[in-house]
Amino acid sequence: MPTFTHNILPTVLNTGILAPDWPAGFWSHMIIFVVILFLFVIFMAMGFIYFERRVISRFQIRIGPNRVGPFGLFQPVADVIKILIKEDIVPLNADKLIHLLAPVAAIVPAIMVFAVIPFQNGAALANLNIGILYIVAISSVSVVGMVMAGWGSNNKYALVSAMRVIAQVVSYEIPLALAIIGVVLFAGTLSMNGIVLAQKIPYILLQPLGFLIYFLGSMAEINRTPFDLLEAEGEIVAGYNIEYSGFKFALFYLTEYTEAIAVSTIITTLYLSGWRGPFDSLPVLPVIWFLIKVFAVFAVIIWVRATLPRLRIDQVMGFAWKCLLPLALINLLITGAQVVFWPNVSQWVFVGVNIVLAGVLIILFSRFFRTTGDKIEA
Amino acid sequence: MALKTETFLVNAGPQHPSTHGVFRMRFILDGEVIQDVEPVFGYLHRGIEKLAEGLTYSQDMVFTDRLDYLASMTNNQAYAVAVEKLAGIQVPERAEYLRVIMAELMRISSHLMGVGFLTNDIGAFLTPLLYMYREREKILDLFDMVCGQRLTYNYMRIGGVSQDIPEEFLPALKKFTDTLPRFIEEYEQLLATNEILLVRTKNVGILTKEAAINYSTAGPVLRASGVKWDIRKAEPYSVYNRFNFEIPTATKGDVYDRYRIKIEEMKQSIIIIKQAMEQLPQGEIQAKVPKVLRPPKGEAYGRIEGPKGELGFYLVSDGATNPYRLHIRPPSLLNLTPLRELVIGVKIADAMAIFGSIDICMGEVDR
């Protein structure tokens, strides 16, 4: 049984790059990493909430939270305390069991995604060789929690929201998974760490179209503007979590941000070369590169949220099936051809070719195959 | 296997983020599609028309501020026009010009709010709205300079205005009218070319020309349907016949057209304000009106073009100090009449966009 001071700490500090099983010994690795992951998720969620509120305030010529602590840094803490001491209300006619289990069913898969995210070379809870498949499988399970919440709380707004979430998330799963296959083809591995190691060039350049599809699809997956239909404030007030308060609401809120973190980390890993960066052989620096990229991705998500209005449900569905899905299939075809027929051509050639192709395809689809402009009959 | 489906009733309001106050809509939904809607209002009813019968003509001016609280100045003006018509009072020229400047500023402010809340209703997370607020804030500062109030001005009096403008007002106004077109241009770049905004507003909630006339709508809603009707041109009151300005109209009558009309009207308002500033004469700001006003027996209907449409005040006098009867023609309420026809058959999201584009103020609907 390795001890922390004798085994783990020197490994982290001295070598920087971690062996795939860095705190030698299975159980110590598991326990330590689970704790690290939970802390990471909770602190990142608070960081994201603070970051989002500050950034979106800048977009909206406001100041944002700046009263609690230096620069308002403790505002999320104060919010969490406030939410947790609220009364926990269960509606009279709610399905009690489902109402109780829904937040749990939502948050567990959201956190489980982090099990395969490499923070450094090999520093993951489980360096699965089917990592990305695991993510695709697990990340949409959160929907079950939301549907349970919508169904169990016996509220019509929540029910409408639950129906929307099923339709939306299930539809966007498909282009999303197809976009990932492009990455997998280039990397030749399903392991998350393997994908990072394979990225001599960040895949955002090699797979620009795939990146856009994945980005849009994941925005729909985590219900961010312009796909935030299931909590459309102006329409169905708050959506599936309308009847939740106190700790259960806090769990839903955490789920939302956990998913945002998850998507940011997955995009970072798949398309922005994960923990890689200049001097990534030094200790700790890979983690910093990783976090910088995660926050950059999230900043773009906030930017979109601050700028765009919301689509209507039929437009959202039309966009997934008529635009993203064909584009994802074309992207897959192009990538497959490149990998199979020209395995020895320099990847920089593909960078140029793919960026041009992505531009042409996007212009074609926006000009000639408009799917959202025409009125779709109910 | 045929699934059994049934419609269900969803209640939106009186507390709802996009009902602009305490409006309530009872939707009968078939999934996402609205089968029927029953608008319910009256939650803000204060009995202003009845209360006005118990107070003198000049005291009633205060109530008009509380009608459409986003356009208090024009409410003041409409009431003053009605009383002046009833009592036969001639308003000094300078006061008329000041009224025009204030009314046009109020129109810009009200339209900014209308556009801002419309974008909010179609899901833009506050950003356009807060920029609109920034511009409105400047207008409120100007009003603050003139009469010391920011929301309920009570600035106009029967026969004039309460006080002359301070000397720093005109330079500040000039600066505002010079900068606003640039900001409107900026908002246009953000909104009018936004694909999502276009697909959400174009061909949504089409109100035909005939329907718009039949429903007795007025203001931007009517003009968006292609009817060139503006009381400032059709029946010029105050000094509006001395200004050159256009009445923007659209053809289709969808949500996008109602949005466009508001933007274009803001531009026209700036043109009017600029002309009024140039022509502004010196002189009295208040006609000689007796302390206790006793209009002769009779009745009068004074109407102006408010930001949201024709705003009319109908007054009946029996020769006493109080009006015998006061009736208000609120544009917000009458513009709401086509709502049911417009939202049946559309999705909830569109219903909110249509409702936002009609641009009502509950203070005026319920009175």
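Residue numbers (the numbering used here), protein chains in the order written: chain A, 7 to 384; chain B, 3 to 369.
Glycine included, each C-beta is placed from N, C-alpha and C at the ideal position.
{"Asked": "Where the segment 293-324 of chain A meets chain B: residues whose CB sits under 8 Å from a CB there", "Found": "311, 312, 313, 314, 315, 316, 317, 318, 319, 320, 321"}
{"Asked": "Within chain B, partners of residue 241 (chain A) - CB distance below 7 Å", "Found": "350, 351, 354"}
{"Asked": "N- and C-terminal bounds of the beta strand (DSSP E) containing residue 14 (chain B)", "Found": "10-14"}
{"Asked": "Own chain residues within Cβ distance below 6 Å of residue 121 (chain B), not counting five before or after", "Found": "130"}
{"Asked": "Beta-carbon proximity of residue 100 (chain A) to residue 197 (chain A), cut-off 7 Å", "Found": "no"}
{"Asked": "Distance, residue 310 (chain A) Cα to residue 27 (chain A) Cα", "Found": "Reliability fails at residue 27 (chain A), whose pLDDT of 49 lies under 50, so the model's placement of it is uncertain and no value is given."}
{"Asked": "Cross-chain neighbours of residue 133 (chain B) in chain A, by beta carbon under 9 Å", "Found": "66, 67"}
{"Asked": "Bridge partners - residue 101 (chain A), DSSP secondary structure assignment", "Found": "According to DSSP, which records beta bridges pairwise, residue 101 (chain A) is partnered with nothing at all."}
{"Asked": "Helix, strand or coil at residue 93 (chain A) according to DSSP, with G and I counted as helix", "Found": "coil"}
{"Asked": "Start-to-end residues for the beta strand (DSSP E) that takes in residue 74 (chain A)", "Found": "Neither: residue 74 (chain A) is in no beta strand (DSSP E) and is coded neither H nor E."}
{"Asked": "Interfacial residues, the segment 130-161 of chain B to chain A, with Cβ spacing under 8 Å", "Found": "132, 133, 136"}
{"Asked": "Residue 53 (chain A), DSSP secondary structure in three states", "Found": "helix"}
{"Asked": "Close Cβ partners of residue 156 (chain A) (< 6 Å) along its chain, the five nearest in sequence each way excluded", "Found": "164, 165, 167, 168, 246"}
{"Asked": "DSSP state of residue 71 (chain B) mapped onto helix, strand, coil", "Found": "coil"}
{"Asked": "Partners in chain B for residue 162 (chain A), counting only beta-carbon separations shorter than 7 Å", "Found": "10, 12"}
{"Asked": "CB of residue 113 (chain A) within 7 Å of CB of residue 261 (chain A), strictly", "Found": "yes"}
{"Asked": "Where residue 47 (chain B) falls: helix, strand or coil (DSSP)", "Found": "coil"}
{"Asked": "First and last residue of the uninterrupted beta strand (DSSP E) at residue 328 (chain B)", "Found": "327-331"}
{"Asked": "Whole-angstrom C-beta distance between residue 335 (chain B) and residue 291 (chain B), which should lie under 8 Å", "Found": "The pair is not a contact, with the Cβ atoms about 31 Å apart (cut-off 8 Å)."}
{"Asked": "Residues near residue 199 (chain B) by beta carbon distance below 6 Å, same chain, minus five either side", "Found": "193"}
{"Asked": "Cutoff 7 Å: residue 317 (chain B) Cβ touching any chain A Cβ", "Found": "no"}
{"Asked": "Those runs of the alpha helix (DSSP H) which lie wholly inside the segment 132-184 of chain A and span at least 4 residues", "Found": "137-145, 148-158"}
{"Asked": "Buried/exposed call for residue 366 (chain A), threshold 16 Cβ in 10 Å", "Found": "exposed"}
{"Asked": "C-beta contact flag for residue 222 (chain B) and residue 260 (chain B) at 7 Å", "Found": "yes"}
{"Asked": "Simplified DSSP assignment, three categories, for residue 316 (chain A)", "Found": "coil"}
{"Asked": "Nearest-angstrom Cβ-Cβ length linking residue 279 (chain B) and residue 176 (chain B), presumed shorter than 8 Å", "Found": "7 Å"}
{"Asked": "Nearest residue (CA-CA) to residue 95 (chain B), options B:182, B:4, B:220, B:162", "Found": "B:162"}
{"Asked": "Any C-beta of chain B under 7 Å from that of residue 76 (chain A)", "Found": "no"}
{"Asked": "Residue 232 (chain A): contacting residues in chain B (beta-carbon distance under 8 Å)", "Found": "125, 198"}
{"Asked": "Alpha-carbon spacing of residue 48 (chain B) relative to residue 65 (chain B), whole angstroms", "Found": "10 Å"}
{"Asked": "8 Å contact criterion, which residue 227 (chain B) and residue 211 (chain B) should meet: CB distance rounded", "Found": "5 Å"}
{"Asked": "Residue 43 (chain A) beta carbon less than 7 Å from that of residue 125 (chain A)", "Found": "no"}
{"Asked": "Residue span of the beta strand (DSSP E) that contains residue 42 (chain B), given as start and end", "Found": "35-42"}
{"Asked": "Top-ranked residue by Cα proximity to residue 355 (chain B), from B:119, B:89, B:43, B:30", "Found": "B:119"}
{"Asked": "Cα-Cα separation, residue 279 (chain A) to residue 204 (chain A)", "Found": "8 Å"}
{"Asked": "Partner residues on chain A for residue 128 (chain B), Cβ-Cβ distance less than 7 Å", "Found": "66"}
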